[in-house]
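First up is the structure itself, then whatever we jot down about it.
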Amino acid sequence: MKMKEKKECRTPREKKRRRSRRGGRDTVVRIEELERIMGELGEDADPETIVSMYMPRRRTRLFGAMLLRLDRMQLLLLGLLAAVAVLFGMAFVQEKMGNFTVNLNRLELYRRGIAIAEDGDFTEPTARLTARTMKDATNITLTDLPDDLDAYDGSHNGENYVAYTYYVRNAGKIDVGYNAVVKLDACSKGAEEAVRIAVWRNGEEKIYARPSQDDSPEEDCENFESDDVVCRFTEENFLVGNVDKYTIVIWMEGEDPECVDAIIGGSVQFSMDIDAIADDDTSLFTKFVRDIRDTLTGDRPIDAAGTVAPDYYQNTEITWKTRRNQ
1 MKMKEKKECR
11 TPREKKRRRS
21 RRGGRDTVVR
31 IEELERIMGE
41 LGEDADPETI
51 VSMYMPRRRT
61 RLFGAMLLRL
71 DRMQLLLLGL
81 LAAVAVLFGM
91 AFVQEKMGNF
101 TVNLNRLELY
111 RRGIAIAEDG
121 DFTEPTARLT
131 ARTMKDATNI
141 TLTDLPDDLD
151 AYDGSHNGEN
161 YVAYTYYVRN
171 AGKIDVGYNA
181 VVKLDACSKG
191 AEEAVRIAVW
201 RNGEEKIYAR
211 PSQDDSPEED
221 CENFESDDVV
231 CRFTEENFLV
241 GNVDKYTIVI
251 WMEGEDPECV
261 DAIIGGSVQF
271 SMDIDAIADD
281 DTSLFTKFVR
291 DIRDTLTGDR
301 PIDAAGTVAP
311 DYYQNTEITW
321 KTRRNQ
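If you count the sequence shown from 1, position 318 lands on 318 in my numbering, and the numbers rise without skipping.
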């Protein structure tokens, strides 16, 4: 009698490893069965989808194989692109944070000595300001607001309203002109229909709101300029030594007919962009050469990087109290 050879006993892990070395039964595609399924699906069949059904994790493996075929330089480039995408996303999120932000054009204004600050003494001149955020505010009415909202600096939020005061100063070399545009950046649940935004410019107040249902202005208000622009201020001759003061107050008007339960949980975000009326059309190279010349000659040079606000009149201390446009 001829005896059969004893079959080797393998553990499940060894079987899986052995099957993986052979390509694995789970990676084998039966052509006849694949053709049958594609025939049933007709012309709408997606071969890639069907193959992926018979080859689990096929796309992941293909992606891994592609990465292995890349050289180090290509992998480094992919890594840098991913890092740039992350940084861009973070910058975008930061740009949209808060209820109100102020953005000054760095190239055309900040480098020339135009700066913004939360206080009239300009202890920390900058090109970007962010008001303190308010959460879970409820509706109020105009008569609920204090009478001295224009008397404070920086963020001075109160109960159910956002209040922010800041200053714009020309401590540069030349007179300039600027546009200041208040924009509605984001909104939800129709809250923009009941919002009010009051703006004090050098002590003069105006209140803005979306038009009523018949397109007429709301009581004691001026209409938004457009769906996403609240208002704009133009200063054609912002002289050296001038300082302008702005106070922004935002609240939900309870007397507005659009202030209904449906907007509960909604939000609004505003910003003010300050830009030059006339851009300097000279090339960046020309501006760079000009900055170098001013540095060598001592003619009050401008920081080429645009990270420091020039102040050419520190001896006279251009402030809100000593401003030229009093």
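Note that beta-carbon positions come from the ideal geometry of N, C-alpha and C, so glycine has one too.
The count of Cβ pairs closer than 8 angstroms, one atom from the segment 116-125 and one from the segment 183-203, stays below three, leaving the stretches out of contact. About 14 angstroms separates the CB atoms of V199 and Y161; that is not less than 8 angstroms, and the two are not in contact. Distance from the Cα of Y110 is smallest, within the candidate group I274, N325, P211, T286, for I274.
Membership of V176 in the beta strand (DSSP E) is indicated by the continuous run 176-188. Excluding residues up to 5 positions away in sequence, Y110, I116, A127, I274 lie with their Cβ nearer than 6 angstroms to the Cβ of L104 in the same chain.
DSSP links V162 through a beta bridge to I250. A residue is called buried once 16 or more other Cβ atoms fall within 10 Å of its Cβ, and I197 is buried on that count.
In chain order, K189 place their CB closer than 7 angstroms to the CB of G265, counting only its own chain and leaving out the 5 sequence neighbours on each side. A straight-line Cα-Cα distance of about 10 angstroms links R323 and G120. The C-beta distance from N170 to G241 rounds to 7 angstroms, short enough to meet the 8 angstroms contact threshold. About 4 angstroms separates the CB atoms of L129 and V102; that is less than 8 angstroms, so the two are in contact. Sixteen is the threshold: when 16 or more other Cβ atoms of the shown chains lie within 10 Å of the Cβ of R112, as they do, the residue is buried. Closest in alpha carbon position to S226, among E235, T234, S216, L184, is L184. Between I248 and G203, the alpha-carbon positions lie close to 12 angstroms from each other.
For E253 against N139, the beta-carbon gap comes to about 7 angstroms, under 8 angstroms, which counts as contact. Straight-line measurement puts the Cα of V268 at about 11 angstroms from the Cα of M134. C-alpha of D136 to C-alpha of G177: approximately 39 angstroms in a straight line. Under DSSP, the beta-bridge partners assigned to V102 are L129, M272. Under the DSSP assignment, C231 falls in the beta strand (DSSP E) whose first and last residues are 229-238.
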